[in-house]
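Numbering (this note's numbering), first residue to last: 1001 to 1091.
Structure first, then comments.
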């Protein structure tokens, strides 16, 4: 996954396949249980562009918990964000 800010389009999430092709996504997953996570996100894809940063982070954490079948404590998870306004990365 590549996450960044395009000067014209704003924030972008790109998924790159082994051949080097890349596709833009509003939300995607990679790794173990990728399909389950992708299905979870596809159900919410229409609302994702309207989410605030807080709603986006919450959706990602709920997706992770749902797919892995566990709850997370604040000390067990780290979240990083790329701000679309100024392109700054923060965790």
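Cβ coordinates follow ideal geometry from the N, Cα and C atoms, glycine included.
Query: Tell me whether residue 1077 sits in a helix, a strand or coil according to DSSP, three-state version.; Result: coil
Query: Out of 1055, 1019, 1037, 1012, which has the shortest C-alpha to C-alpha gap to residue 1025?; Result: 1012
Query: For residue 1041, count the other beta carbons within 10 Å of its own beta carbon; 16 or more makes it buried, fewer makes it exposed. Which is it?; Result: buried
Query: Tell whether a beta-carbon distance below 8 Å holds between residue 1082 and residue 1016.; Result: no
Query: How is the alpha helix (DSSP H) around residue 1053 delimited, first residue to last?; Result: 1053 to 1068
Query: Measure the alpha-carbon distance for residue 1054 versus residue 1060 and round it to whole angstroms.; Result: 10 Å
Query: If you draw a straight line from the alpha carbon of residue 1030 to that of residue 1066, how long is it in whole angstroms?; Result: 15 Å
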